[in-house]
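Chains A and B supply the protein sequences, listed in that same order.
Going by my numbering, the first sequence opens with residue 45, and the numbers climb by one from there.
Going by my numbering, the second sequence opens with residue 45, and the numbers climb by one from there.
Yeah, the Cβ is synthetic: ideal placement off N, Cα and C, and Gly gets one too.
Predicted model only: the values in this text are computed from it and were never measured.
Protein chains: 2
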Amino acid sequence: MLEKNDLNVKALSAEERERLCEEIRRKIIETVTVCGGHLSSNLGVVELTVGMFFVFDFPRDKVIWDVGHQCYAYKLLSGRYEKFHTLRQKDGLSGFPKRRESVYDCYDTGHAGNSVSAAIGLAKARDLKGESGRVIAVIGDGSFNNGLIYEALNGISVLDVRVLIILNDNDMSISPTVGGTHELLGQNARDEELKKKNIALIEQYGVQYVGVVNGNDLGEVTDALRRADELLQKSSVLLHIKTKKGMGYDFCEENPMQTHGVAPNGSGAEKEYSSVFGDTMLALARKDERVVAVTAAMTDALGLRPFFNAFPERAFDVSICEENAAVLCAAMAQGGLKPYYAIYSTFLQRAFDELIHDICAQDLPVTFCIDRGGISGADGETHQGVFDLSYLSIIPNMTIAVPKDGKELADMLEFSLTYPHPLAIRYPRSAKAAFGCKRAIEAGTFEYLTDKTDADLTVLAAGERAVSLAFRLREETGVPFDIVNARFVKPIDEALLGAIRSPRILTIEDNVRMGGLGDQIDRFYLNAGKEIYNFAYYDRFIPQGDVAGLQEEYGWDLEEIRACIQKGRK
Amino acid sequence: MLEKNDLNVKALSAEERERLCEEIRRKIIETVTVCGGHLSSNLGVVELTVGMFFVFDFPRDKVIWDVGHQCYAYKLLSGRYEKFHTLRQKDGLSGFPKRRESVYDCYDTGHAGNSVSAAIGLAKARDLKGESGRVIAVIGDGSFNNGLIYEALNGISVLDVRVLIILNDNDMSISPTVGGTHELLGQNARDEELKKKNIALIEQYGVQYVGVVNGNDLGEVTDALRRADELLQKSSVLLHIKTKKGMGYDFCEENPMQTHGVAPNGSGAEKEYSSVFGDTMLALARKDERVVAVTAAMTDALGLRPFFNAFPERAFDVSICEENAAVLCAAMAQGGLKPYYAIYSTFLQRAFDELIHDICAQDLPVTFCIDRGGISGADGETHQGVFDLSYLSIIPNMTIAVPKDGKELADMLEFSLTYPHPLAIRYPRSAKAAFGCKRAIEAGTFEYLTDKTDADLTVLAAGERAVSLAFRLREETGVPFDIVNARFVKPIDEALLGAIRSPRILTIEDNVRMGGLGDQIDRFYLNAGKEIYNFAYYDRFIPQGDVAGLQEEYGWDLEEIRACIQKGRK
């Protein structure tokens, strides 16, 4: 019945709704296996989603999905069944809520912990405008650890609004959820006395508590939604449900971490930077007992599992608390340790103030290992790692390294061990190339990857993708330009740059144009009479698609680059 | 006895310690009245500080002062009495903890909420290195609302360390503390049953609770520190004290908000942008009922008190929760309201991810009113507002306006009312000048402030300070260059720039060089054959001092600017 365009969940019998859940589950498995995407988290909330469509009135009622990776069933039930096979593909359905897709999506998400704040804001707008309708936030227990949630709970009484918060507790963020807050919530299901206390706590925020409910039992969760809805007449409500990540698909239930994000069939063969990172970290930790690793709920995706297994006492997964992780690193460095903070580029944005205020202002030797730098592809706008070279560059005392291949990542990590300042090492997901090292790693040094001929044109490329493109275009065009690996975006190699006699310079970087490597090079050659071309991404948010296609469409215009390369030649 | 270089608080009798408190209080009042600084918060923690010196062993024990504005008594007791008269002055003592000043300062602070994370990190370093010593975080109830605190509490069990958290509860952040968390804490003192529940909550984070104790009673607070110290043998402890902001100085006790930050004698006569902002907001709200104002515990300092009084139902102080405030604004804008988020430049760094992810990616019409932009002076490194033009510029969909005077701020706010995109309006504290408006506000338009003569040199100046400097230098040098008010840093006025026939361009902005206006102008004129000079701040953290002196020392080198201006002239 899922394929019916005018499917009205409210009109279905209990049995039909059960069958609908099965259909949805099948459709999700079928599609994600082909398109890639978040599998187990979506399978976990099928009954909740069907229950919400039965009890609530979308799109008049509004739901904010925290992170938003669990919205597939919601999309299937809100008129997007027919486009569902385009999930996560260029111009297809997003794997996250997107206002531009449907009126059913009221707030775009992607990063964790903002759903309750967003619900409060929407509810306040509703009230001030004299409108009606429920506002609901659905949030996992992993996100619930994020500091923003507490800021939001704190704000409920200030803004004096009524919202429904559904806490979807599956004992997992991407890695298993850790930390005191989770323990506190987890107790609810087990211990009656503690449960009462926790309820009292929640109630002091002006929020009534309903739970714990089996979120994979359609009848039970539907009843609980009705009960919560009644209470919502009076004040905000927290409905606490337990679900099983990967519910209904045996492989997922048994392997929730491996199936949190699933690659499309046939991919996944490349070697990844994360495994180079993980192996090297292990070697560094063996060599130097000051080495500690910190991550915010990303141990496996970042390649740190072997480190966590080998050095559990020096490995800290602080759950989705990017700011706390940054301050911990600052303080551990100040205390004489050598912290490595591994994180995805897009999530490091959360710790921007701590980068400035805690780490760089104190000039502390924290090393950031920034994965998923550059365009990351199918997750779209909220997950592209294209701002980091810019926002890191503006911070005094920060050094930024961009390896050209896996070997150079390892060399840079080795170099970091004795580097006494803040250091960011930034790399994309996949490592494909190996260029060989021409020059030892030293802060602020570039290296020639071709002979230095001071040809008509010198190309400065930062990172593997840019270096690869430079070599490819050199071969394709037959123009024998010099290629320099601009492996430190900050500081730049002024000695090498000053010695370039080529009249024309071209830069390529996997980052937005504003504030990146190009700006630094332009600044260096200001008034020097060179002709300069900078290739980086336009000042636009970059949607989902395949990496190479997006790169070309959003700034690495190959026609244009070729024209620049060939310009000097008739 | 305070003046004694080798004063040992541990050797003092109870009576002597009482007298010491009086001396400290007198010294603080005396000094702050002359140098400016935080008065009432420092007077509140005198007994706590003396008690800590009596019970603990500094500097072997380490204390992190959250925000750090309450560390004056600590400085007086840790060998800085003789330099105390240099407080907040150039090359003098900082008003905040600074590691470079003393081994007694173990972690620099300035922004709110990081103290518990920092304590945990230092404690972990201590444990891994097999060292000993207590680690203590002192935090006000205002900061305790910040999300970072909950991330930190959540991390105590993950990092498995013992720290002492002293919650200094004075019912005030800069404005009175608001919100559910504060209510929750406040209950402790009044309601025995609730107190038990709250204790149970804290204990679930693995933290023992001691309180509530009168923090202005030296005997009581000293006993409580001893008790907490005993419990600390077993696990982390939260010691909850109540203090009175401004304790011991009648004027402060009665006026804690006005005396949170005190200007030095004789200053304060200038008209401030905040009052222009406050007045204009009031007018906008009268005209358009969609207008709402959001602040993070800064109502008075930002000039919003009249708005809060006139429109309490449309004014939200969400306490020190900068991220929550940003998401609320995004959602309220999405819900059809017109939110204005007023904040200091340096604190907006905390909401950087939300700027990108919640506001600009969704292209929502939130207006940021960014006060204390540029060098802010006496508060030093942690409070300079010199990164904002850069970090805002890199975000797609963001428009950045920089008024040249108070009138233009009012005009820009008026303009914002119908502007359908994210907009940042950024200004320094004091407004001194009035230049007159030559051209109506329209996004991305500059204006000539002198006749357009296409002289040998055109100066592009962003913001009042830069524009004032341009006029001053024009008069001093007698060189008749053109002056353009570069009032939108993004987008820049490409039409106007393209029409400039001057062969030489000079930019001035009250921001770091990296990623600011200068970079945009350089980019625009790339390969155009113009000679360009950019004046902005160097890539260094800027310490305390007077604004004009710091500007010249950190980038606005007047000699150099004059030389550029006069270069064309023999």
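| Asked | Found |
| --- | --- |
| Just to confirm, does E66/A get its C-beta within under 7 Å of one of the non-hydrogen atoms of the ligand FMN? | The ligand content of the structure shown is nil, which means the ligand FMN is not present either. |
| What do you get for S176/B, buried or exposed, if any count of 16 or more other CB atoms within 10 angstroms of its CB means buried? | exposed |
| Check the Cβ-Cβ distances between R124/B and every residue of chain A, and say whether any is below 8 Å. | no |
| Excluding the five sequence neighbours on either side, which residues of its own chain have a C-beta within less than 7 Å of the C-beta of N529/A, listed in chain order? | K448, F490, E491, L493, A505, V511 |
| With a floor of 3 residues, list each beta strand (DSSP E) that falls wholly inside the stretch 96–123 of chain A, ordered by position along the chain. | 106–109 |
| List the endpoints of the continuous beta strand (DSSP E) containing G184/A. | 179–184 |
| Taking C-alpha atoms, which residue in L166/B, P440/B, V533/B lies nearest to I469/B? | V533/B |
| Kindly say whether I218/A, judged by its beta-carbon, lies nearer than 8 Å to any beta-carbon of chain B. | In this predicted model, I218/A has a pLDDT of only 48, less than 50, meaning its place in the structure is not dependable; the value taken from the coordinates is given anyway. Closer than 8 Å: no. |
| What's the C-alpha gap between V205/A and F188/B? | 22 Å |
| Would the beta-carbon of N299/A fall within 8 Å of that of S434/A? | no |
| Is any beta-carbon of chain B found at less than 8 Å from that of D402/A? | yes |
| Just to confirm my understanding: we take K482/B, look at its own chain, exclude 5 residues before and 5 after, and list those with CB closer than 6 Å. What are they? | E491 |
| Report the CB separation of R334/B from K382/B in whole angstroms; it is logged as a contact under 8 Å. | 4 Å |
| Short of 8 Å Cβ to Cβ, which residues in the stretch 424–457 of chain B face chain A? | E425, T426, F431, S434, Y435, S437, I438, I439, P440, N441 |
| Under 8 Å by Cβ, that's how I've got A272/A and L328/A pegged, so tell me the actual separation to the nearest angstrom. | In fact, because the Cβ distance is near 50 Å, the residues do not count as touching under 8 Å. |
| With DSSP collapsed to three states, give me the class of P383/A. | strand |
| In this structure, does DSSP put V523/A in helix, strand or coil? | coil |
| For F412/B, which residues does DSSP report across the bridge? | Y385/B, A468/B |
| By DSSP, does G573/B sit in helix, in strand, or in coil? | coil |
| Which residue's Cα is closest to the Cα of Q378/B: G379/A, N190/A, A167/A, H284/A? | A167/A |
| Assuming A337/B is part of the beta strand (DSSP E), what are its boundary residues? | 335–339 |
| Rank G522/A, P535/A, A163/A by C-alpha distance to the C-alpha of A445/A and give the top, closest one. | P535/A |
| For chain A, find out if any of its Cβ atoms is closer than 8 Å to the Cβ of R358/B; answer yes or no. | yes |
| For H155/A, which residues in chain E fall below 8 Å Cβ to Cβ? | Of the chains in the structure shown, none is chain E; the protein chains are A and B. |
| How is the alpha helix (DSSP H) around S437/B delimited, first residue to last? | 432–437 |
| Identify the contact partners of N571/A in chain B, using a Cβ-Cβ distance below 7 Å as the criterion. | E575, I576 |
| Applying a beta-carbon distance threshold of less than 8 Å, which residues of chain A neighbour F616/B? | Residue 616/B cannot be examined here, being either before or after the span of chain B that is shown, 45 to 614. |
| Note down, in chain order, each residue of its chain lying with its Cβ closer than 8 Å to the Cβ of G191/A, except the 5 sequence neighbours on either side. | G157, C365, E367, N368 |
| Write down every uninterrupted run of the alpha helix (DSSP H) in the stretch 470–558 of chain B whose length is 4 residues or greater and which is fully enclosed by it, in chain order. | 508–521, 538–542 |
| Quick one: give me the first and last residue of the beta strand (DSSP E) that A592/A is part of. | Where A592/A is concerned, there is no enclosing beta strand (DSSP E), although the alpha helix (DSSP H) it sits in stretches over 591–597. |
| Cα separation between V160/B and F568/B? | 46 Å |
| M45/A: buried (16+ other C-beta within 10 angstroms of its C-beta) or exposed? | exposed |
| F579/B to I549/B, Cα distance in whole Å? | 11 Å |
| Between which two residues does the alpha helix (DSSP H) holding G85/B run? | Residue identity check: residue 85/B is Ser in the sequence provided, not Gly. 84–88 is the extent of the alpha helix (DSSP H) around S85/B. |
| I400/A to I439/A, Cα distance in whole Å? | 6 Å |
| Does V446/A come out as helix, strand or coil in the three-state DSSP assignment? | coil |
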